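Read in order, the letters of the sequence shown are residues 22 to 352 in our numbering.
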Amino acid sequence: MLTGVTTTGTPHLGNYAGAIRPAIAASHNDDANSFYFLADYHALVKSQAPESVHQSSLEIAATWLALGLDTDRAIFYRQSDIPEIPELTWILNAVTAKGLMNRAHAYKAAVAVNEESGSHEPDKGITMALFSYPVLMAADILLFNAHRVPVGKDQKQHVEMARDIAQRFNHNFKELFVLPEPVIDDNTAVLSGLDGRKMSKSYNNTIPLFVAEKKFRKLIMKIKTNSLEPGEPKETKGCALFEIYQAFASEAEVEMMRQRFADGIGWGDLKQELFEYLNEHLSGAREEYNRLLADPGHIERVLKKGSVRAREVAVPFIAEVRAAVGIRPLG
Ligand code: TRP
Numbered sequence: 022m023l024t025g026v027t028t029t030g031t032p033h034l035g036n037y038a039g040a041i042r043p044a045i046a047a048s049h050n051d052d053a054n055s056f057y058f059l060a061d062y063h064a065l066v067k068s069q070a071p072e073s074v075h076q077s078s079l080e081i082a083a084t085w086l087a088l089g090l091d092t093d094r095a096i097f098y099r100q101s102d103i104p105e106i107p108e109l110t111w112i113l114n115a116v117t118a119k120g121l122m123n124r125a126h127a128y129k130a131a132v133a134v135n136e137e138s139g140s141h142e143p144d145k146g147i148t149m150a151l152f153s154y155p156v157l158m159a160a161d162i163l164l165f166n167a168h169r170v171p172v173g174k175d176q177k178q179h180v181e182m183a184r185d186i187a188q189r190f191n192h193n194f195k196e197l198f199v200l201p202e203p204v205i206d207d208n209t210a211v212l213s214g215l216d217g218r219k220m221s222k223s224y225n226n227t228i229p230l231f232v233a234e235k236k237f238r239k240l241i242m243k244i245k246t247n248s249l250e251p252g253e254p255k256e257t258k259g260c261a262l263f264e265i266y267q268a269f270a271s272e273a274e275v276e277m278m279r280q281r282f283a284d285g286i287g288w289g290d291l292k293q294e295l296f297e298y299l300n301e302h303l304s305g306a307r308e309e310y311n312r313l314l315a316d317p318g319h320i321e322r323v324l325k326k327g328s329v330r331a332r333e334v335a336v337p338f339i340a341e342v343r344a345a346v347g348i349r350p351l352g
C-alpha cells in the first residue's frame, strides 16, 4: 500500500479526517507493507514559492509524526530523496500516450478556464509539469509495485492512468509492474470549511489542525451556520459543525448530538462545545507537533532513514527496469 501527500499548505481538519487518520491507523497494521511519502516534486506543479514548499514539507512531516505514524512498520520518506522516481518518470514518459495526458481532469480543467476567459491560447500558463503530473505519480506508485493506493476521489483517474502506463510497459518490454488499484473509502468524512464549501486549501476556508488554542477557537466561531435561534430544531445534514463533530466523536456521542440538534441546541453553545471537544482531543498531539517543529533535524533524520529503506527496494528494481529497456552495462 502506498500513498503520497503533496507538500503545499498546512494540514487542516479535513485532511486529518479524510486522509491522515485512516493512513496512520493503517500504518499500525501488520497485514500491509505501507509506504507514505511527501510528494515535494508534485508541489512544484502548484507552487513556485520555495519557502512555502519547504515549510509545508516540515509541517506535514511533523503532523504525521505527531499523530503517531508508525515509522518502524511503515516506510516514511520524501519523494525528492529517491532519485529513482524521476529516473522512472522519464522511462514511463516513453510509454505514455500524449492523448492519455490530454484527458487528465486537472489539465482539462486548466484548458477550460482559458477557453472560458476567451483566450486564443488554450494552453496559456500551463506548464509541462502540470501536463505530465500523472506520469510522475505513476512513477511514485510503480517504482514500489504498490497494489493498493488510497486516494481521494479526485486522484482516482491518476491511479487508473498509472495502471494504463504499467500495462503498456509490461506489454512492450517485460512484465515488471504490478497493476495498482485505487482505494477510495466512501466512508471517510469529507468536511465542510468555514464558508460551507468543501474544506480545501484551494478554497482558502480551512481550519488548521494544529493552530494555537485562541486562534483555533476563533476559527470555529467563524464557521458559517444558518439563522435558526436556540430552541428551534436543527438539521444535522449539511451542517459543517455536525460533520466536524462526527469526524471526531464516538458513535454514541454522535447519537446524543443528533438528539440535541432535534431539541434545538444554539449555534453559539455548540461552537463552544465543539471547540472544547476538539481542543481536548488534539492538544496532546499539538504539543508533540510543536516540539517536533522546534527540532527539524530530528524530522530530517526520520525521513532520511525512511529513504534508505525505500531505496533498498527502488535501487535494485530500477536496474531491472533499465535493463528491460536496453540500458545496461556494455560489457
Ligand atoms: N497527487 C496526489 C495529491 O495531490 C499526491 C500524490 C503524489 C500521490 N504521488 C502519489 C498519491 C502517489 C498517491 C500515490 O493528492
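Idealized CB from N, CA, C, for every residue including glycine. Since the structure is predicted, the reported quantities are computational estimates derived from the model, not experimental observations.
1. In three-state terms, what does DSSP make of F58?
2. What does DSSP give as the partner residues of E308 in its beta bridges?
3. In chain order, what residues of the same chain lie with their CB nearer than 7 Å to the CB of M122, ignoring the 5 residues before and after it?
4. According to DSSP, is S213 helix, strand or coil?
5. Output the distance between the C-alpha atoms of R184 and A47, rounded to the nearest integer angstrom.
6. According to DSSP, what are the bridge partners of K219?
7. Can you name the start and end residues of the beta strand (DSSP E) that Y37 belongs to?
8. Report yes if the C-beta distance between P254 and G287 is below 7 Å; otherwise report no.
9. Return the bridge partner residues of T27 from the DSSP annotation.
10. Taking the beta carbon of Y224 as the centre, do at least 16 other beta carbons fall within 10 Å, making it buried, or is it exposed?
11. Applying the 10 Å Cβ sphere with the 16-neighbour rule, what's the burial state of N311?
12. According to DSSP, which residues form a beta bridge with E202?
13. Classify R279: buried if its beta carbon has 16 or more other beta carbons within 10 angstroms, exposed otherwise.
14. With a threshold of 16 other CB atoms inside 10 Å of the CB of Q100, please say whether the residue is buried or exposed.
15. Would you give the residue range spanned by the alpha helix (DSSP H) that F282 belongs to?
16. Measuring alpha carbon to alpha carbon, tell me which residue in Y62, F97, N50 and E80 is nearest G30.
17. Would Y37 and L230 qualify as a contact pair, given that the criterion is a beta-carbon distance under 7 Å?
18. Since A70 and T27 should fall inside the 8 Å C-beta cutoff, what is the C-beta to C-beta distance between them, to a whole number of angstroms?
19. Find the nearest neighbour of K235 within the set A261, F296 and V204, judged by alpha-carbon distance.
From the atom records:
1. As a working note, residue 58 is residue 37 in the sequence shown. Strand at F58.
2. Residue mapping note: residue 308 aligns to position 287 of the sequence shown, counting from 1. Looking at the DSSP assignment, E308 forms no beta bridge with any residue, so it has no partner.
3. Numbered from 1 along the sequence shown, position 101 holds the residue referred to as residue 122. Closer than 7 Å at Cβ, skipping near neighbours: Y128, F152, S153 and P155.
4. For the purposes of this step, residue 213 is identified with residue 192 of the sequence shown, where counting begins at 1. Strand at S213.
5. One-based indexing of the sequence shown puts residue 184 at position 163. One-based indexing of the sequence shown puts residue 47 at position 26. Approximately 23 Å, taken between the alpha carbons.
6. Counted from its first residue, the sequence shown places residue 219 at position 198. Under DSSP, K219 forms a beta bridge with S213.
7. Taking the sequence shown and counting its residues from 1, one reaches residue 37 at position 16. Bounds of any beta strand (DSSP E) do not take in Y37, whose DSSP letter is neither H nor E.
8. Here residue 254 corresponds to residue number 233 of the sequence shown, with the count starting at 1. Here residue 287 corresponds to residue number 266 of the sequence shown, with the count starting at 1. No Cβ-Cβ contact shorter than 7 Å links P254 with G287.
9. Here residue 27 refers to the residue found at position 6 when the sequence shown is read from its first residue. In the DSSP output, where bridge partners are listed per residue, T27 has A60.
10. For the purposes of this step, residue 224 is taken as residue 203 along the sequence shown, with counting starting at 1. By the C-beta density criterion, Y224 is exposed, having fewer than 16 other C-beta atoms within 10 angstroms.
11. Taking the first residue of the sequence shown as 1, we reach residue 311 at position 290. Classification of N311: exposed, given that the 10 Å Cβ count is below 16.
12. Start at 1 with the first residue of the sequence shown, and residue 202 comes out as number 181. Bridge partners of E202 according to DSSP: R169.
13. Within the sequence shown, numbered from 1, the residue matching residue 279 stands at position 258. Around the beta carbon of R279, a 10 Å sphere encloses fewer than 16 other beta carbons of the protein chains shown; the residue is thus reported as exposed.
14. Reading the sequence shown from its first residue, position 79 is the one you call residue 100. When all chains shown are included, Q100 counts as buried.
15. Here residue 282 is taken as the residue at index 261 of the sequence shown, counted from 1. Element bounds for F282: E272 to A283.
16. The residue you call residue 30 lines up with position 9 of the sequence shown. Here the closest residue by C-alpha is E80.
17. By one-based count along the sequence shown, residue 37 stands at place 16. By one-based count along the sequence shown, residue 230 stands at place 209. Going by C-beta atoms, Y37 is nearer than 7 Å to L230.
18. Within the sequence shown, the letter at position 49 stands for residue 70. Within the sequence shown, the letter at position 6 stands for residue 27. Going by Cβ atoms, the distance from A70 to T27 rounds to 14 Å, so no, they are not a contact pair.
19. Start at 1 with the first residue of the sequence shown, and residue 235 comes out as number 214. The candidate whose alpha carbon is nearest that of K235 is F296.
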